[in-house]
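Residue numbers (the UniProt record's numbering): 1 to 282.
No residue lacks a Cβ here, since even glycine has one placed at the ideal position from N, Cα and C.
Beneath this line is the structure, given in structure tokens, with notes to follow.
Here it is in structure tokens:
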């Protein structure tokens, strides 16, 4: 059998990094090709890198047919689920794959709903007001996050990177030069600034992310001060020179504790930003 390479399928899954490709090549040379290549008829579905390396070095390999595929969508869904189950896949890659699965399932369910409506319309009386019950599309962000074993917030960040990041920034997060969190922050910059940050390397990307966060923090409106109890319909304070009542003492202590609590929250937020920067730098 002459194995056929479909360029769309070969490019559908993120390519190996140079280091990953070298490691796979060393493994195949040392141990041979232990896992069979998966075919759909004569089209290669799984094992593109192994196939190329085996062809290069004359390494024998086995093939297996997957007869459950009925369409290219079935093939792509299988490829996605197959890679999502691998431990070596990065968080970013899992998020990208899960979002691709979401798109396929959403389009498939929309097509099924349209087919059901057309069939019902063909058999319903002309004056019928009944509407076809379309299947519910269960592709919420929470569903996708569970499939990718990620948080909903991380899925949102990956969506933002896909929509607004330049190819250079996407490659930086794909290779681990910058974290998903920081990349989503840098993706809010104009394209030329993103490219410039990537060109400057890891420290430049970290600095760009920090500057964006600082600008956001500075632009947040200050919370309005709460009115004093007597300004909010409470009791009036004692006259100047007179000792405070017990109630006023308690109110003063509460106000002081609230101020300390606000300061601690601000300090905690600063520490979280600092931890995030240290993680990005590691």
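From this set, the options, which residue's C-alpha is nearest residue i's C-alpha?
| i | options | result |
| --- | --- | --- |
| residue 45 | 59, 113 and 71 | 71 |
| residue 369 | 10, 114, 37 and 9 | Since the first residue of the chain shown is 1 and the last is 282, residue 369 is not available in this structure. |
| residue 5 | 41, 14 and 257 | 41 |
| residue 92 | 65, 252 and 145 | 145 |
| residue 11 | 265, 80 and 217 | 80 |
| residue 69 | 77, 195 and 254 | 77 |
| residue 106 | 120, 267, 143 and 117 | 143 |
| residue 43 | 65, 87, 35 and 121 | 65 |
| residue 287 | 73, 115 and 113 | Given a span of 1 to 282 for the chain in the structure shown, any question on residue 287 remains unanswerable. |
| residue 63 | 33, 113, 254 and 203 | 33 |
| residue 292 | 170, 221, 75 and 35 | Outside the displayed span of the chain (1 to 282) sits residue 292, for which this structure offers no information. |
| residue 61 | 67, 217 and 35 | 35 |
| residue 88 | 21, 67 and 114 | 21 |
Using three-state DSSP, classify residue i as helix, strand or coil.
| i | result |
| --- | --- |
| residue 130 | Confidence at residue 130 is low in this model, with a pLDDT of 44, below 50, so its placement is unreliable and the value that follows should be read with caution. Coil at residue 130, not helix or strand. |
| residue 35 | coil |
| residue 55 | helix |
| residue 89 | coil |
| residue 105 | helix |
| residue 42 | coil |
| residue 2 | coil |
| residue 269 | helix |
| residue 10 | helix |
| residue 20 | helix |
| residue 262 | helix |
Classify residue i as buried or exposed, calling it buried when 16 or more other Cβ atoms lie within 10 Å of its own Cβ.
| i | result |
| --- | --- |
| residue 96 | buried |
| residue 50 | buried |
| residue 85 | exposed |
| residue 271 | exposed |
| residue 175 | exposed |
| residue 187 | buried |
| residue 185 | buried |
| residue 94 | buried |
| residue 311 | Nothing can be reported for residue 311: it is not among the residues displayed for the chain, which extend from 1 to 282. |
| residue 47 | buried |
| residue 17 | exposed |
| residue 189 | buried |
| residue 275 | exposed |
| residue 148 | buried |
| residue 53 | buried |
| residue 254 | exposed |
| residue 150 | buried |
| residue 209 | buried |
| residue 194 | buried |
Does at least one heavy atom of the ligand FMN sit under 7 Å from the Cβ of residue i?
| i | result |
| --- | --- |
| residue 81 | This structure lacks the ligand FMN; in fact it carries no ligand of any kind. |
Rounded C-beta distance between residue i and residue j? I'm assuming under 8 Å.
| i | j | result |
| --- | --- | --- |
| residue 212 | residue 168 | Not confirmed; about 17 Å, so no contact. |
| residue 205 | residue 180 | Wrong, their Cβ atoms sit about 12 Å apart, outside the cutoff. |
| residue 172 | residue 183 | 7 Å |
| residue 155 | residue 141 | 5 Å |
| residue 39 | residue 3 | 7 Å |
Cβ contact (3+ pairs, closer than 8 Å) linking the segment 56-63 and the segment 22-34: Touching, per the Cβ criterion.
Inter-stretch contact (C-beta, 8 Å, three-pair minimum) for the segment 99-110 and the segment 154-174: yes
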